[in-house]
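With the working numbering, you'll find the sequence shown wraps up at 1402, consecutive numbering, no jumps.
Quick notes on the structure that follows.
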Amino acid sequence: MEEGLSRLIETLKKHHPDADTALVEKAHAFAKKHHGTQLRASGDPYYHHPIAVAQILADFKLDTSTIITAILHDTVEDTDVTFEDIEREFGKEISKLVDGVTKLTKLELQSEDTKQAENFRKLLIAISEDLRVLLVKLADRIHNMRTLHFIAKPEKRARIAHETMEIFAPLAERIGVQKMKDELQDLAFRELHGEEYKSIINRLEYLRSSGGKVVDKIVADLKETLIKAGIKAYVSGREKTPYSIWRKMGMKNVSFEQLTDIIAFRTIVDNIEDCYKTLGIIHATYHNVPGSFKDFISLPKENGYRSIHTVVMGPDHQRIEIQIRSKEMHDIAEFGVAAHWAYKQGQQFNTDGKQYRWVRELMTIIEQAPSAEEFFEHTKMEMYHDQVFCFTPKGRLIALPRGATPVDFAFAVHSEVGRTCVGAKVNGRIIPLRTQLNNGDQVEIIRSKSQKPSPTWEKFVVTGKARSEIRRYVRVEQKSEYIQLGKNILVKLFKEEGLEMHEKDLVQVLPLLEKQDIEELYAAVGEGLMSKAEVLKAVYPDREVATKRKKLSILNRLKRHKEEESGEKKLSIPIRGIAPGMAVHFAGCCHPLPGESIVGIVNTGKAITIHTADCHELERYVDEPERWIDVAWEDDSNSAVFVGRLKLSLAHETGSLGTLANTVAKAGGNINNLRIVYRSTEFYEMLVDVEVKDVKHLANVMASLRAKSAIYSVERYVKT
Ligand code: MN
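Spelled out as structure tokens, the structure:
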């Protein structure tokens, strides 16, 4: 028997004495035969890989079906074998498992496709149907990572390592398989940050050699202390992984000085009671470092991890970290669901068990839109990083490219929805149409029959569909505007010339002017492609246009224009989209500033109130879309000064108000009103009105304030 196979069978039999080893041998022969002459990048026969994957799983005490699935896991994908073949040779259970693994592999391949939403569900379903599928996939990834250095192309190695770090390691962590997570992270870390990896390894070696027997001594001391107290315990010192050391260094900005900084001491006892007894003894013997004690037994981590962590000043006055747990807790910490699986061995796998709570949670999270972001957070499914998944109010999942806005969403739902979109609510809140959507957002499009796509939308949409629809609409719209304009120009000209314009006269000269119909003629004049004089001349060939008079009037207009320009800057409201003569005022609830998205609401009496597009007050007008008007700031609205309202809390101490005033002044703002809304012995809370140029300016003021230690918090004030 080949060495790989005999070792595998030996491990399997150790944990499962009555395993069907004949079937394992059969699977081995099957994989060997069908992978044939295929080779790995290392030059090894390909079938060595599935056997190595099976060995990893056997070490995790997994059952025969999982082992056989591992042996067969690449046959359908990479050889001429079909599921029917596998079902015939190895039965339904195994063929289903192999099918699941193959699906996951495909998902990996298609990660840059647009089918993610669907595949993503497939992934979840595959996981929730049988976790063994995921375990095989993780073991597969571990072996591929162990042999990563055989791959020649650095970009390919980096891509695989990155995927491992972002997807597979978090998945291993999520199902509590600490051991797999550690190895995956370490292997990926070594590839992605080779230099750092090396320097940590060197440092570890140095500490190990200079630290001498310090670890052994601490282990012996701890053991003795516990034995004296009558506790049966297994004590060990385990080095943290290079990756976890590196992360800790990065996050807490710490260096590691001595060996005890990187060793976690572990005390494994018989039961929960002994865990707490052990803790008591250790704390009675050594000084506890305040704030370091964590009890994950009474409050387990989400993935089921249970243990007590504490840091004490050890026998030689070094800080040492000690983990205390029972044997069962330890197995679950190391092997996660694999341990559960081993414990439950023989029973049919199902997701009802308490320990599989997270699977059901995942399913619920993905069903319940608002918290989907949480799921993406947890598993870091970077695979889908270029996309966002949003939901319609009825729960339909819409996949969009990252950066998509509610307008993209609306057009993706239906062209008609896009065309009539006037506003959007995300997770129940009105937001500006240009806002970028996030994963899991529930988007409700507010529509109005009279709405038309705005040309300004084109600036922020990211989907081709939305863009082309907007362009098409704008073209049609523009044409009708040109028609109207051209017609007005001609009517006016004829009138100025003391003539009456009749459409039938124009129709008669269409061939002369090379136009198909009267609309085309109007549009040409409106767009300036044809001069009005040319049209007049065609209808009345003998008439001279009063050109001189025309020139004069143009000169006059230019003159008037110049006078206006050079004169005092008008203090008109710098907002586009408002008809002249309409009264405008800025809402006191949100204090809109130039540079941010705004919405106009028509009040009775035709006055218009400008709100920020995310103002809560707008919710009151949701049912009256006809009152909404699309407005925007003029590009150069720098003539006026606006008031931004801030909510501040600052230290109740001498000088803090001075700091506030100075900081605002230094940032070019001006406080024009200030009101203390709450006063305690520690702090003030106040509303401050600051005169600024625009929203960017206000942001600068806020940033300067935040930099001051006397100022605890600064927020834009919003009426709620
Ligand atoms: Mn494989």
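For each residue, glycine too, the CB sits at the ideal point set by N, CA and C.
Selected residue, minimal CA-CA separation from glutamine 860, among Ser1331, Tyr916 and Tyr987: The count along the sequence shown starts at 1 and reaches residue 860 at position 178. Ranking Ser1331, Tyr916 and Tyr987 by Cα distance to glutamine 860 puts Tyr987 first.
Nearest-residue set for ligand 1, Cβ under 5 Å from any heavy atom: A Cβ closer than 5 Å to some heavy atom of ligand 1 marks a residue here, and those residues are Asp756 and Asp822.
DSSP beta-bridge partners of glutamate 921: Mapped onto the sequence shown, residue 921 falls at position 239. In the DSSP output, where bridge partners are listed per residue, glutamate 921 has Ile945.
Distance between beta carbons of isoleucine 1002 and threonine 949, contact taken as under 8 Å: Walking along the sequence shown from the start, residue 949 turns up at place 267. Walking along the sequence shown from the start, residue 1002 turns up at place 320. By a beta-carbon distance limit of 8 Å, threonine 949 does not contact isoleucine 1002. Their separation comes to about 11 Å.
Three-state class that DSSP yields for asparagine 1382 in the structure shown: Here residue 1382 is taken as the residue at index 700 of the sequence shown, counted from 1. Note: asparagine 1382 maps to helix in three-state DSSP.
Classification of asparagine 1344 by the beta-carbon crowding that lies within 10 angstroms, buried from 16 upward: Counted from its first residue, the sequence shown places residue 1344 at position 662. Only exposed fits asparagine 1344, as fewer than 16 other CB atoms lie within 10 angstroms of its CB.
Contact under 8 Å by Cβ, valine 1377 with glutamate 1316: Translated into the one-based positions of the sequence shown, residue 1377 becomes position 695. Translated into the one-based positions of the sequence shown, residue 1316 becomes position 634. Here valine 1377 is not near glutamate 1316, since their CB atoms are 8 Å or more apart.
The stretch 1287–1300 in contact with the stretch 1349–1357 per 3-pair CB rule at 8 Å: The answer is no - the stretch 1349–1357 does not touch the stretch 1287–1300, with fewer than three Cβ pairs under 8 Å.
Own chain partners of glutamate 1016 with C-beta closer than 6 Å, once the 5 adjacent residues on each side are dropped: The residue you call residue 1016 lines up with position 334 of the sequence shown. Gln860 and Lys861.
Contact check, proline 1083 vs isoleucine 1127, beta carbons under 8 Å: The residue you call residue 1083 lines up with position 401 of the sequence shown. The residue you call residue 1127 lines up with position 445 of the sequence shown. For proline 1083 and isoleucine 1127, no; Cβs fall outside 8 Å.
Glycine 1340, buried or exposed, once every other Cβ within 10 Å from all chains shown has been counted against 16: Position 658 of the sequence shown holds residue 1340. It is exposed - the Cβ of glycine 1340 has fewer than 16 other Cβ atoms within 10 Å.
Buried or exposed by the 16-neighbour rule on C-beta atoms within 10 Å, applied to alanine 854: Here residue 854 is taken as the residue at index 172 of the sequence shown, counted from 1. Counting Cβ neighbours within 10 Å, alanine 854 comes out buried, since at least 16 surround it.
8 Å Cβ cutoff met for serine 1414 and alanine 1392: Summary: the structure shown does not reach residue 1414, with the chain confined to residues 683 through 1402, and so no result is reported for it.
Segments of 4+ residues assigned as alpha helix (DSSP H) that fall wholly inside the stretch 945–1013: 954–967, all fully within the stretch 945–1013.
Delimiting residues of the beta strand (DSSP E) encompassing threonine 1294: Taking the sequence shown and counting its residues from 1, one reaches residue 1294 at position 612. Its beta strand (DSSP E) spans residues 1290–1294.
C-alpha gap between phenylalanine 850 and leucine 886, whole angstroms: Here residue 850 is taken as the residue at index 168 of the sequence shown, counted from 1. Here residue 886 is taken as the residue at index 204 of the sequence shown, counted from 1. For phenylalanine 850 and leucine 886, the distance between alpha carbons rounds to 27 Å.
Neighbour-count burial assignment, tyrosine 1303, 16 or more Cβ in a 10 Å radius: Here residue 1303 refers to the residue found at position 621 of the sequence shown. Its Cβ being crowded by 16 or more others within 10 Å, tyrosine 1303 is buried.
CB contact flag (alanine 834, glutamate 873, <8 Å): The sequence position of residue 834 within the sequence shown is 152, counting from 1. The sequence position of residue 873 within the sequence shown is 191, counting from 1. Contact flag unset, no.
Inter-residue Cα distance where the pair is cysteine 957 and threonine 746: Residue 957 sits at position 275 when you count from the first residue of the sequence shown. Residue 746 sits at position 64 when you count from the first residue of the sequence shown. Cysteine 957 and threonine 746: Cα-Cα distance of roughly 34 Å.
Residues of its chain near histidine 755, where Cβ-Cβ distance is below 7 Å and the 5 sequence neighbours each way are ignored: Mapped onto the sequence shown, residue 755 falls at position 73. Beyond the five residues adjoining it in sequence on each side, histidine 755 comes within less than 7 Å, by CB distance, of Pro732, Val735, Val780, Val783, Val818 and Asp822 in the same chain, given in chain order.
In DSSP terms, what leucine 1330 is bridged to: Walking along the sequence shown from the start, residue 1330 turns up at place 648. Leucine 1330 pairs with Met1368 and Val1396.
Any non-hydrogen atom of ligand 3 closer than 7 Å to isoleucine 979 Cβ: Ligands present in the displayed structure are limited to ligand 1, and ligand 3 is not among them.
Validate contact between the stretch 1154–1165 and the stretch 1179–1198 using beta carbons, cut 8 Å, 3 pairs: Touching, no.
For isoleucine 1152, the three-state DSSP class (helix, strand or coil): As a first step, residue 1152 must be located in the sequence shown, where it is residue number 470. If DSSP states are grouped into helix, strand and coil, isoleucine 1152 belongs with the helices.
Cα-Cα separation between glutamate 1151 and valine 1095, rounded to whole angstroms: Taking the sequence shown and counting its residues from 1, the one referred to as residue 1151 is at position 469. Taking the sequence shown and counting its residues from 1, the one referred to as residue 1095 is at position 413. The alpha-carbon atoms of glutamate 1151 and valine 1095 are separated by roughly 13 Å.
Neighbourhood of phenylalanine 1142 by C-beta distance below 8 Å, restricted to the same chain and skipping five residues each side: In the sequence shown, residue 1142 corresponds to position 460, counting from 1. Leaving aside the five residues that flank phenylalanine 1142 on each side, the residues in its chain whose CB is nearer than 8 Å to its CB run, in chain order, Thr1087, Val1089, Leu1115 and Arg1116.
Sequence-distant residues of the same chain with beta carbon closer than 7 Å to isoleucine 691, five excluded per side: On the sequence shown, position 9 is the one that residue 691 refers to. Apart from sequence neighbours up to five positions away, the residues of its chain that approach isoleucine 691 with a beta-carbon distance below 7 Å are Thr703 and Val706, ordered along the chain.
Cβ neighbour criterion (16 or more within 10 Å) applied to isoleucine 809: Here the question's residue 809 lines up with position 127 in the sequence shown. Reliability fails at isoleucine 809, whose pLDDT of 49 lies under 50, so the model's placement of it is uncertain and no value is given.
Cβ contact (3+ pairs, closer than 8 Å) linking the stretch 714–725 and the stretch 992–1000: The stretch 714–725, when compared against the stretch 992–1000, does not touch it at the 8 Å Cβ threshold.
Where the beta strand (DSSP E) containing alanine 1106 begins and where it ends: By one-based count along the sequence shown, residue 1106 stands at place 424. Looking at the DSSP string, the run of the beta strand (DSSP E) that includes alanine 1106 is 1103–1108.
Residues bridged to isoleucine 1353 (per DSSP): On the sequence shown, position 671 is the one that residue 1353 refers to. Residue pairing from DSSP places isoleucine 1353 in a beta bridge opposite Val1372.
Lysine 1348 versus leucine 1342: straight-line alpha-carbon distance, rounded: Within the sequence shown, residue 1348 is the residue found at index 666, counting from 1. Within the sequence shown, residue 1342 is the residue found at index 660, counting from 1. When rounded, the distance between both Cα atoms is 10 Å.
Contact belief for valine 694 with isoleucine 749 at Cβ below 8 Å, rounded distance in angstroms: In the sequence shown, counting from the first residue as 1, residue 694 sits at position 12. In the sequence shown, counting from the first residue as 1, residue 749 sits at position 67. At residue 694 the sequence reads leucine, which differs from the valine that was named. At roughly 6 Å, the Cβ-Cβ gap stays under 8 Å, so leucine 694 and isoleucine 749 are in contact.
Leucine 1300 and valine 1396 closer than 8 Å at C-beta: In the sequence shown, counting from the first residue as 1, residue 1300 sits at position 618. In the sequence shown, counting from the first residue as 1, residue 1396 sits at position 714. No. Outside cutoff.
Sheet register partners of glutamate 1301 (DSSP bridge): Walking along the sequence shown from the start, residue 1301 turns up at place 619. Answer is none; glutamate 1301 lacks a bridge partner.
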